[in-house]
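Just so you know, the protein sequences line up as chains A and X, in that order.
One point on numbering: in our numbering, the residue at position 100 of the first sequence is 100, and numbering is uninterrupted.
Take any residue in the second sequence, note its place counting from 1, add 250, and you have its number in our numbering.
Ideal placement from N, C-alpha and C gives every residue a C-beta, glycine not left out.
Note sheet for the following structure.
2 protein chains.
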Amino acid sequence: MTPEEVRRTATGPTAGLAPGYAQANLIAVPLDWAYDVLLFTQRNPKPCPVLDVTDPGATTTVLADHADLRRDVPRYRVWEHGTLTAEPADATPFWRDDLVAFLIGCSFTFESALTRAGVPLRYVDQGRNVPMYVTNRPCRPAGRIRGPLVVSMRYIPASLVDTARATTARMPAVHGAPVHTGNPADLGIRDLDTPDFGDPTTPEPGDVPVFWACGVTPQAAVMASKPPFAITHAPGHMFVTDVRDDHYTI
Amino acid sequence: MTPEEVRRTATGPTAGLAPGYAQANLIAVPLDWAYDVLLFTQRNPKPCPVLDVTDPGATTTVLADHADLRRDVPRYRVWEHGTLTAEPADATPFWRDDLVAFLIGCSFTFESALTRAGVPLRYVDQGRNVPMYVTNRPCRPAGRIRGPLVVSMRYIPASLVDTARATTARMPAVHGAPVHTGNPADLGIRDLDTPDFGDPTTPEPGDVPVFWACGVTPQAAVMASKPPFAITHAPGHMFVTDVRDDHYTI
Numbered sequence: 001m002t003p004e005e006v007r008r009t010a011t012g013p014t015a016g017l018a019p020g021y022a023q024a025n026l027i028a029v030p031l032d033w034a035y036d037v038l039l040f041t042q043r044n045p046k047p048c049p050v051l052d053v054t055d056p057g058a059t060t061t062v063l064a065d066h067a068d069l070r071r072d073v074p075r076y077r078v079w080e081h082g083t084l085t086a087e088p089a090d091a092t093p094f095w096r097d098d099l100v101a102f103l104i105g106c107s108f109t110f111e112s113a114l115t116r117a118g119v120p121l122r123y124v125d126q127g128r129n130v131p132m133y134v135t136n137r138p139c140r141p142a143g144r145i146r147g148p149l150v151v152s153m154r155y156i157p158a159s160l161v162d163t164a165r166a167t168t169a170r171m172p173a174v175h176g177a178p179v180h181t182g183n184p185a186d187l188g189i190r191d192l193d194t195p196d197f198g199d200p201t202t203p204e205p206g207d208v209p210v211f212w213a214c215g216v217t218p219q220a221a222v223m224a225s226k227p228p229f230a231i232t233h234a235p236g237h238m239f240v241t242d243v244r245d246d247h248y249t250i
Numbered sequence: 251m252t253p254e255e256v257r258r259t260a261t262g263p264t265a266g267l268a269p270g271y272a273q274a275n276l277i278a279v280p281l282d283w284a285y286d287v288l289l290f291t292q293r294n295p296k297p298c299p300v301l302d303v304t305d306p307g308a309t310t311t312v313l314a315d316h317a318d319l320r321r322d323v324p325r326y327r328v329w330e331h332g333t334l335t336a337e338p339a340d341a342t343p344f345w346r347d348d349l350v351a352f353l354i355g356c357s358f359t360f361e362s363a364l365t366r367a368g369v370p371l372r373y374v375d376q377g378r379n380v381p382m383y384v385t386n387r388p389c390r391p392a393g394r395i396r397g398p399l400v401v402s403m404r405y406i407p408a409s410l411v412d413t414a415r416a417t418t419a420r421m422p423a424v425h426g427a428p429v430h431t432g433n434p435a436d437l438g439i440r441d442l443d444t445p446d447f448g449d450p451t452t453p454e455p456g457d458v459p460v461f462w463a464c465g466v467t468p469q470a471a472v473m474a475s476k477p478p479f480a481i482t483h484a485p486g487h488m489f490v491t492d493v494r495d496d497h498y499t500i
């Protein structure tokens with residue numbers, strides 16, 4: 001599928017769809033909160049590498065010429081004062097003229113590079129959404145925004161952990177190198193089989209859990225910071241851009 | 251000299267001082283303009299890679315524990331409505347409680363890596379400030395902020411251009427890979443011997459001019475966009491941080 005076809009038709013998680021194209025997290029907040037969110041992303045570039053910020057009220061992005069940010073994400077989450085109030089497939093009825101949308105890099109973007117490097121993706125092979133976990137590491141606060149680091153986890157064969165690290169390190173705009181390898185407890189994660197977002201996945205013998213900073217971190221910040229209103233993507237249900245993933249490789 | 255010694259004593263350009271430590275551009279604007287400036291940096295990450303943003307009125311930065319942003323830059327520029335009104339060595343009398351300071355990556359930071367890679371720095375050897383040029387390339391505007399890309403130029407032996415490119419590409423937080431190599435006219439630069447900022451430098455036979463995005467770009471934006479008030483560093487007179495330059499290497 002092309003990126004435009006994914007944007008028009010996908011209803012589930014987008015990992016593995018439109019391979020070769022960058023995917024993005026979405027968070028839209030009222031203009032009054034936009035500076036705090038932008039500063040939060042600047043202060044936490046590993047989980048929040050910003051690919052684009054729209055002007056207030058705009059529903060388009062430079063990342064995909066003909067896209068409409070109100071309806072081209074497979075599933076949205078609508079938040080009021082930090083509480084999830086709706087999970088629509090089309091956010092048009094919820095959109096507001098004062099919303100500023102942030103498109104934030106997604107680790108799905110480096111998965112084509114991992115595949116080319118010979119690194120298997122267990123969760124894709126198992127037909128699951130990537131597992132994501134809220135950690136015990138606080139992000140650096142910004143204005144009224146604070147919250148914990150969220151990570152995504154992939155089981156990687158021990159012999160390929162260095163390859164996975166080197167491959168992703170060269171893509172800092174989509175989270176870059178892992179933030180942790182091996183011990184979930186170091187991140188305050190008690191049980192890998194009960195992720196906070198996404199699905200549990202099954203390791204193969206000799207696999208090691210590898211953790212990358214995750215663009216769901218701003219959603220955790222919405223829950224913790226309770227802005228009056230926000231619209232985000234549903235975890236794993238990303239905005240697929242027209243930008244080649246190689247564009248973000250150094 | 252240590253970074254702290256440079257911050258306390260330097261009065262001229264800082265290239266080559268406190269080698270091994272990152273240096274930063276400074277631009278401080280009233281809080282009312284901070285979102286526009288932050289968005290401008292996000293939309294123009296090559297010239298404006300942000301290393302830190304202070305809270306309003308703060309005069310310290312996470313980049314150097316004991317520094318005072320009002321006096322630890324060797325020379326400042328004070329701007330009113332886009333016009334340069336003072337060039338003090340101490341900005342304390344000009345500082346305001348509503349100022350937000352942006353510390354932006356500086357290409358001096360990758361010069362230790364260039365030296366280790368065997369790339370000579372002609373302008374340092376010649377005891378000059380690096381030459382900087384306003385180009386014909388517009389930055390992507392943000393709110394009330396717009397302006398042209400500014401570049402710094404180093405003459406590099408032709409046989410070492412690829413080395414210089416590869417070395418700097420791995421440091422995107424301090425401008426990364428060159429934006430242009432070889433032909434000044436492609437950037438709208440008429441005469442390399444009359445830079446817009448800094449000093450002219452002299453090539454050796456076989457040298458090629460190589461251009462990197464420059465953190466003076468926000469100053470050109472101040473001149474073009476005319477915010478009511480701003481304080482910046484004087485070009486080449488940088489804020490020397492306590493952060494090792496390797497910290498910004500991928």
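- For L38 of chain A, which residues in chain X fall below 8 Å Cβ to Cβ? Y285, L288, L289, Q292
- Name the chain D residues whose beta carbon is nearer than 9 Å to that of R170 of chain A? The displayed structure is made up of protein chains A and X, and chain D is not among them.
- Does DSSP classify W329 of chain X as helix, strand or coil? strand
- Straight-line Cα distance separating P228 of chain A from I354 of chain X: 32 Å
- Given that V50 of chain A touches chain X, what residues does it touch there, using C-beta distances under 8 Å? Q292
- Hey, is V130 of chain A's beta-carbon within less than 8 Å of any beta-carbon in chain X? no
- Would you tell me roughly how many angstroms separate the C-alpha atoms of A463 of chain X and R7 of chain A, rounded to the nearest one? 34 Å
- Message: Restricting to Cα atoms, I'd like to know which of X:V493, X:L267, X:V490 is closest to G377 of chain X.
- Response: X:L267
- Task: Mind checking which residues open and close the alpha helix (DSSP H) that includes W283 of chain X?
- Result: 281–293
- Assuming T201 of chain A contacts Y123 of chain A (C-beta within less than 8 Å), just tell me the rounded distance between them. 4 Å
- Task: My understanding is that T311 of chain X touches D302 of chain X, with C-beta atoms under 8 Å, so please give their C-beta distance in whole angstroms.
- Result: 5 Å
- Query: Distance, Cα to Cα, D90 of chain A vs A484 of chain X?
  - Reply: 50 Å
- Does the beta carbon of V303 of chain X sit closer than 8 Å to a beta carbon anywhere in chain A? yes
- Message: Which complete beta strand (DSSP E) runs does the segment 416–499 of chain X hold, if anything under 3 residues is left out?
- Response: 457–463, 480–483, 489–494
- Message: Looking at S357 of chain X: is its Cβ nearer than 8 Å to the Cβ of H425 of chain X?
- Response: yes
- Would you identify the three-state DSSP class for V151 of chain A, choosing helix, strand or coil? strand
- Query: Is N129 of chain A near P13 of chain A, with beta carbons less than 8 Å apart?
  - Reply: yes
- Evaluate P398 of chain X with the Cβ neighbour count: other Cβ atoms within 10 Å of its Cβ, from every protein chain shown; 16 or more gives buried, anything less gives exposed. buried
- Message: In the DSSP output, which residue or residues are listed as bridge partners for L63 of chain A?
- Response: Answer by DSSP bridge pairing: none, since L63 of chain A is not bridged.
- Short Cβ contact (8 Å threshold) for A471 of chain X with I406 of chain X: no
- Item | Inside the segment 336–411 of chain X only - alpha helix (DSSP H) runs reaching at least 4 residues | 361–366, 372–375
- Three-state secondary structure (DSSP) at A414 of chain X? helix
- Query: Taking all protein chains shown into account, do 16 or more other C-beta atoms lie within 10 angstroms of the C-beta of T168 of chain A, making it buried, or fewer, making it exposed?
  - Reply: buried
- Going straight from the alpha carbon of G438 of chain X to that of V161 of chain A, what length do you get? 46 Å
- The alpha helix (DSSP H) enclosing V256 of chain X, as first and last residue numbers: 253–259
- Where does the unbroken beta strand (DSSP E) through D52 of chain A begin, and where does it stop? 50–53
- Task: Could you tell me the distance, in whole angstroms, from the CA atom of P141 of chain A to the CA atom of T309 of chain X?
- Result: 18 Å
- Thinking F239 of chain A and L26 of chain A are a contact (beta carbons under 8 Å), I'd like their distance in whole angstroms, please. 5 Å
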